[in-house]
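Chemist: Residue numbers (our numbering): 30 to 300. Even glycine gets a Cβ: it sits at the ideal position worked out from N, Cα and C. Below you'll find the structure I mean.
As structure tokens, then:
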């Protein structure tokens, strides 16, 4: 379910014995604001100097005329001490919809205001007492019955911003694609832009072949064989008396050859 704009929240307050019928409740205001013309009408005493500056909704920065402290603001039977900033503004014409004063966050915090925007009620607290006020019906809004039944006013700022961002991204994408449509440079043109090749010097081998061959040619150190008992003797599985093994000296020549043949086949197992 959708709800229409309930209007601007206003309340009637009494300041210095004078009734202010429409005091605007503004959660976005950090101070309580009092126009200089209204300040003179209320006769609230002398102003105190202040060094603060105000940044208005239209982005104008203004310097207040001064500040008046501890002004009693009466809401029904509740009294709240408030500080007001007095600002020079255009004179307020009676009978217009201009709001004479603005009650900002200091007032809403001091009164512990709780606003229900759906039913238009605001609850104020004073000590252990509470007060409920209708803050939307107090604002005199002139409606035409035909306008009430007509189409609602919709804020399309977000939609326009999103549309503008999408269009900008689409334009940048089309521009990038247009650059691709022109084609990439031909390979010959790319080669022309590259620096000329220079002759590569001969790369020397990592190892010296002669030194490698000398290492290979080095003979293995000769083994020093220990003397054996008479019943044992040395036999060799390879030429030049390499890979010696110990066998029995009582074997015949044929037996010795058969044994060596078997040992040569099992050389890998022997180690």
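Does the distance from the CB of residue 144 to the CB of residue 53 come in under 7 Å?
Modeler: Taking the first residue of the chain shown as 1, we reach residue 144 at position 115. Taking the first residue of the chain shown as 1, we reach residue 53 at position 24. Cβ distance not < 7 Å, so residue 144 and residue 53 don't count as in contact.
Chemist: Quick check: residue 136 and residue 61, are their CB atoms within less than 7 Å of each other?
Modeler: Residue mapping note: residue 136 aligns to position 107 of the chain shown, counting from 1. Residue mapping note: residue 61 aligns to position 32 of the chain shown, counting from 1. Going by C-beta atoms, residue 136 is nearer than 7 Å to residue 61.
Chemist: Let's see if you can read the secondary structure: which residues bound the alpha helix (DSSP H) around residue 113?
Modeler: Along the chain shown, one-based indexing puts residue 113 at 84. Taken as a continuous stretch (DSSP letters only), residue 113 belongs to no alpha helix (DSSP H), being part of the beta strand (DSSP E) at 107–116.
Chemist: Rounded to whole angstroms, what is the Cα-Cα separation between residue 261 and residue 280?
Modeler: On the chain shown, position 232 is the one that residue 261 refers to. On the chain shown, position 251 is the one that residue 280 refers to. So the two alpha carbons sit approximately 10 Å from each other.
Chemist: Tell whether a beta-carbon distance below 7 Å holds between residue 108 and residue 140.
Modeler: Position 79 of the chain shown, counted from the start, is the residue given in the question as residue 108. Position 111 of the chain shown, counted from the start, is the residue given in the question as residue 140. Taking 7 Å as the Cβ cut-off, residue 108 and residue 140 do not qualify as a contacting pair.
Chemist: Near residue 114, what residues of its chain come up, given a Cβ to Cβ distance below 6 Å and the 5 sequence neighbours on each side ignored?
Modeler: Here residue 114 refers to the residue found at position 85 when the chain shown is read from its first residue. These residues qualify, in order along the chain: 60, 62, 93, 96.
Chemist: Looking at C-alpha atoms only, which residue of 84, 99, 43 is the closest neighbour of residue 75?
Modeler: As a position in the chain shown, residue 75 is number 46, starting the count at 1. It is 99 whose Cα lies nearest to the Cα of residue 75.
Chemist: By a C-beta neighbour count over all protein chains shown, 10 Å radius and 16 as the cutoff for buried, is residue 40 buried or exposed?
Modeler: Here residue 40 is taken as the residue at index 11 of the chain shown, counted from 1. When all chains shown are included, residue 40 counts as buried.
Chemist: Grouping DSSP H, G and I as helix and E and B as strand, with all else coil, what is residue 84?
Modeler: Position 55 of the chain shown, counted from the start, is the residue given in the question as residue 84. DSSP places residue 84 in strand when its eight states are reduced to three.
Chemist: Only counting runs of 4 or more residues, tell me where the alpha helix (DSSP H) segments fall wholly within the stretch 49–99, in order along the chain.
Modeler: Those alpha helix (DSSP H) runs which fall completely within the stretch 49–99 and span 4+ residues are 65–71.
Chemist: Out of 156, 105, 67, 101, which has the shortest C-alpha to C-alpha gap to residue 118?
Modeler: Your numbering for residue 118 matches position 89 in the chain shown. For the residues 156, 105, 67, 101, the minimum Cα distance to residue 118 belongs to 67.
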